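Only one structure is covered here, and it is reproduced in the block below.
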Amino acid sequence: MLIQDDCLNGLKTLKHCTVDMIYLDPPFFTQKQHMLRSAAGTVYGFSDVWSSRGDYLAFLKERLIEMRRVLKDTGSIFLHCDSTSSHYVRLLLDEVFGEQQFRSEIIWSYKRWSNAKKGLLSGHQTIFFYSKSSRYKFNVQYGTYSPTTNLDQILQERIRNADGKVIYKRDERGNTVPAKEKQGVPMSDVWEIPFLNPKAKERTGYPTQKPIELLQRIIRISTDEGDFIADPFCGSGSTLVAAKLLRENRDCEVTVLTKGKDISYAGCGLPYYVGGVIQDRSQLIVNTPEKFAGLTGARVITQTEALAVHPAEHKVTARDLSSGQEQDYGYDKLVIATGASPFLPPVPGLELKNVFVMRTPDDAIALREALEAGEIKRAVVAGGGFIGLEVAENLAAKGVKTTVIDFAPHVLPNFLDPEMSEFVENRMAEAGVMPLTNVALEGVEGDGKVEKVLTSKRAMKADALVLAIGIRPNTAFLEGSGIEMCKGTILTDAHLRTNVEDIYAQCDYITIHVPLLDSTRGMLNADAISKMKDGVILLNFARDLLANEADVLEALKSGKVARYVSDFPNPTTAGQKGCIVIPHLGASTEESEDNCAVMAVEEMMDYLENGNIRNSVNSPACDMGICTKAGRVAIFHKNIANMITKFTAEFGEKGINISDMTNKSRGEVAYTMLDVEEAPTEEIIRALEAIQGVFRVRIVKG
Ligand SMILES: Cc1cc2nc3c(=O)[nH]c(=O)nc-3n(C[C@H](O)[C@H](O)[C@H](O)COP(=O)(O)OP(=O)(O)OC[C@H]3O[C@@H](n4cnc5c(N)ncnc54)[C@H](O)[C@@H]3O)c2cc1C
Numbered sequence: 022m023l024i025q026d027d028c029l030n031g032l033k034t035l036k037h038c039t040v041d042m043i044y045l046d047p048p049f050f051t052q053k054q055h056m057l058r059s060a061a062g063t064v065y066g067f068s069d070v071w072s073s074r075g076d077y078l079a080f081l082k083e084r085l086i087e088m089r090r091v092l093k094d095t096g097s098i099f100l101h102c103d104s105t106s107s108h109y110v111r112l113l114l115d116e117v118f119g120e121q122q123f124r125s126e127i128i129w130s131y132k133r134w135s136n137a138k139k140g141l142l143s144g145h146q147t148i149f150f151y152s153k154s155s156r157y158k159f160n161v162q163y164g165t166y167s168p169t170t171n172l173d174q175i176l177q178e179r180i181r182n183a184d185g186k187v188i189y190k191r192d193e194r195g196n197t198v199p200a201k202e203k204q205g206v207p208m209s210d211v212w213e214i215p216f217l218n219p220k221a222k223e224r225t226g227y228p229t230q231k232p233i234e235l236l237q238r239i240i241r242i243s244t245d246e247g248d249f250i251a252d253p254f255c256g257s258g259s260t261l262v263a264a265k266l267l268r269e270n271r272d273c274e275v276t277v278l279t280k281g282k283d284i285s286y287a288g289c290g291l292p293y294y295v296g297g298v299i300q301d302r303s304q305l306i307v308n309t310p311e312k313f314a315g316l317t318g319a320r321v322i323t324q325t326e327a328l329a330v331h332p333a334e335h336k337v338t339a340r341d342l343s344s345g346q347e348q349d350y351g352y353d354k355l356v357i358a359t360g361a362s363p364f365l366p367p368v369p370g371l372e373l374k375n376v377f378v379m380r381t382p383d384d385a386i387a388l389r390e391a392l393e394a395g396e397i398k399r400a401v402v403a404g405g406g407f408i409g410l411e412v413a414e415n416l417a418a419k420g421v422k423t424t425v426i427d428f429a430p431h432v433l434p435n436f437l438d439p440e441m442s443e444f445v446e447n448r449m450a451e452a453g454v455m456p457l458t459n460v461a462l463e464g465v466e467g468d469g470k471v472e473k474v475l476t477s478k479r480a481m482k483a484d485a486l487v488l489a490i491g492i493r494p495n496t497a498f499l500e501g502s503g504i505e506m507c508k509g510t511i512l513t514d515a516h517l518r519t520n521v522e523d524i525y526a527q528c529d530y531i532t533i534h535v536p537l538l539d540s541t542r543g544m545l546n547a548d549a550i551s552k553m554k555d556g557v558i559l560l561n562f563a564r565d566l567l568a569n570e571a572d573v574l575e576a577l578k579s580g581k582v583a584r585y586v587s588d589f590p591n592p593t594t595a596g597q598k599g600c601i602v603i604p605h606l607g608a609s610t611e612e613s614e615d616n617c618a619v620m621a622v623e624e625m626m627d628y629l630e631n632g633n634i635r636n637s638v639n640s641p642a643c644d645m646g647i648c649t650k651a652g653r654v655a656i657f658h659k660n661i662a663n664m665i666t667k668f669t670a671e672f673g674e675k676g677i678n679i680s681d682m683t684n685k686s687r688g689e690v691a692y693t694m695l696d697v698e699e700a701p702t703e704e705i706i707r708a709l710e711a712i713q714g715v716f717r718v719r720i721v722k723g
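Per this note's numbering, the sequence shown starts with residue 22, numbered consecutively.
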């Protein structure tokens, strides 16, 4: 974001404590007019002439106070200056930020040659590094050791001897012990970075331009990805460029496939192109494919429609719309940004001439051409949302009698309360646009072109119909890809990742919920597993054929997969080490899946915490609520006579009172829970386990 203003005003637009780092390269009090002409002939310059040093320092102080306000508590400021006023600036920073917040005086040193100067040639500038508090963010950076460093010596482990003196550690043979690898030399406060000579590649022509490497170092030590950096004296924008370069990876090969002719057009301007407010088509296009490719290095392929995505093979099949030829494009990462298309309702007559939508520059051009050809005197706009009202406004401005219909009781129904919509409807009527609400579009009639628009209330004479009744996501081509969707929208996590691909690398447990299609058959295969974490646990309650179970068994053998859990038992997986196969849990809807998952967790927790059994397939239901006594013991045993007597006798012998008890059975299995006044001892548990017919004893509480 670039704000062109006095930085004092710009800073005032920022909220308190929002900025992570500020770098500023303000005027240095050189008392000179700085001016430089770029190779292209552009003249850049600024005035660094002040009436007094006091005037200069007051100017700086006012802005530094504002900078301190916007910095986060963990934030830092780097002020660039030189010997002209660095001695004053440091005192100013002490005053505004506090002496204790001084972190470093970075010396940027460089080599310059001149025979003209008497005395020592200036070869450095100063950058004062202050933080807002002691909780400032700092990322330690390491450099390489100098060639003269005796690495063997510094990489030896040291210990203190009996006298407390540091000595080299030695093994039993008397040899020194190498330490773990050292990270390198921590960065010092003297930075040798070449000065930007007039022929340097990154030179823009700005007189006091600073090297990108310098700014990148500052950004690296003081910020993390996603942090907010401010550069109040932006100059030629080196901070912006440095941050952008750190964010980008120019080594990536990026291909953009798009169906249309245009990319990066201003959708918001389309209705205003119709009304002539935007006069020229080129004003709608922010970037042409050529310009975008030049700016970013991305390859842009237009008029090419993606037809299918094959995640397992990492490829997209697309069709060149001019030649009809299909081609596969491989990828490591796939970004889906196919947007949406206007919704076309299932009513008759939409194929007639002069039925328009408003989504692309071509849509706006078509409507304007019809207007300019004098074909449209009356128009109906279906849809009283933002797009419909903007189109209506522009049609009315061109003298077209315009009616807006909407089946909601008011225009802008999704955005405004009825009271406010009423106000908008009155303004529309004043401007010559008729709003008709509670009216649904039912069709179009005409001889080759629009002559009548049919609605749920009445038929209206019209020369054109503009449809602005919503959009539908362009995701049909993802059908069968295995990407999880809901009503045509792609389901993602908070980082906009879909269920396939990278999610594999992130998860300790992976559960799949996709239908069995040709494209998803065997999707949990060796390739997919190779992208997962070591020791991953796979849960497959969807279909056994979604997993290539031979690959899964191999991965279980090698330890790559720790467990494979499935409710599709079959001869391949049953009884195999690492496989947990359970009877099939049955089909489920999306909603019931959610509910079942919640229920299963709740019931499992109830069993683990309270010993209660609900909805078990082979154990009896048994619920004693939460235990309020000192202990609870749960016993699985045979459903045979005299068991309860034996259990109670064990507690009775030890003088422990049983305050509550329940016993339930199912077929041959019984389950008994006893709440007792004293925590059960190991001795009692062993005694209970020794009773014939007892399968398992568990202390639930105690
Ligand atoms: C008339 C109008 C006015 C608007 N006014 C505003 C406004 O004032 N303020 C605002 O914030 N927003 C406004 N918007 C919304 C804004 O333009 C959209 O939110 C934005 O364009 C969405 O960008 P996108 O990249 O997600 O999708 P899109 O811009 O729809 O881009 C998706 C691209 O993918 C291509 N594509 C689709 N399917 C395939 C496929 N299978 N293969 C290859 N390519 C495919 C499409 O051709 C399209 O070029 C307006 C939109 C319109 C139409």
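We put the beta carbon where it would ideally sit given N, CA and C, even for glycine.
Please read all numbers here as calculations on a predicted model, not as lab measurements.
Where residue i sits in the DSSP three-state scheme
i	result
Ile357	coil
Phe99	strand
Arg719	strand
Gln600	Checking the displayed sequence, the identity of residue 600 turns out to be Cys instead of Gln. Strand, per DSSP.
Ile12	Because the chain spans 22 through 723 in this model, residue 12 falls outside it and cannot be assessed.
Leu112	helix
Met481	strand
Pro363	strand
Phe49	coil
Ser439	One detail in the question is off: residue 439 reads as Pro in this sequence, not Ser. Pro439: helix per DSSP, three-state reduction.
Ala571	helix
Val421	coil
Bridge-paired residues (DSSP) for residue i
i	result
Gln54	Ser68
Leu92	Val40
Ser107	Partner(s): none; Ser107 has no beta bridge.
Leu559	Ile531, Tyr585
Gln728	Nothing in the structure corresponds to residue 728, since the chain is present only between 22 and 723.
Val697	Gly652, Ile679
Leu457	Ile426
Met724	Given a span of 22 to 723 for the chain in the structure shown, any question on residue 724 remains unanswerable.
Phe118	Per DSSP, none; premise fails for Phe118.
Cβ-heavy atom distance, residue i to ligand 1, below 8 Å
i	result
Phe498	yes
Met455	no
Ile299	no
Ile284	yes
Phe716	no
Pro310	no
Glu411	yes
Lys336	no
Asn495	yes
Ala361	yes
Pro292	yes
Ala400	no
Ala339	yes
Cys15	Because the chain spans 22 through 723 in this model, residue 15 falls outside it and cannot be assessed.
Ala327	yes
Thr510	no
Gly279	As written in the sequence, residue 279 is Thr, which differs from the Gly given in the question. Thr279 Cβ: within cutoff of ligand 1.
Cys289	yes
Ile408	yes
C-beta contact flag for residue i and residue j at 9 Å
i	j	result
Phe149	Ile127	yes
Gly345	Asn495	no
Asp384	Ala403	no
Val412	Val474	no
Arg389	Ala483	no
Val471	Gly370	yes
Tyr293	Val307	no
Ala568	Gly543	yes
I'd like the ranges of any beta strand (DSSP E) spanning at least 3 consecutive residues and lying wholly in the region 122 to 183. 123 to 130, 145 to 152, 179 to 181
Length at least 4, wholly inside the region 608 to 654: the alpha helix (DSSP H) runs in chain order: Runs of alpha helix (DSSP H) with 4 or more residues, each lying fully within the region 608 to 654, are found at 611 to 631, listed in chain order.
Could I get the ranges of all uninterrupted beta strand (DSSP E) runs contained in the region 249 to 321, with 3 residues as the minimum, in chain order? Segments of the beta strand (DSSP E) lying fully in the region 249 to 321: 276 to 278, 284 to 286, 306 to 308.
Let me know the beta strand (DSSP E) ranges lying completely inside the region 648 to 693, each 3 residues or longer, listed in chain order. If we require 3 residues or more, the beta strand (DSSP E) runs fully inside the region 648 to 693 come out as 652 to 659, 679 to 687.
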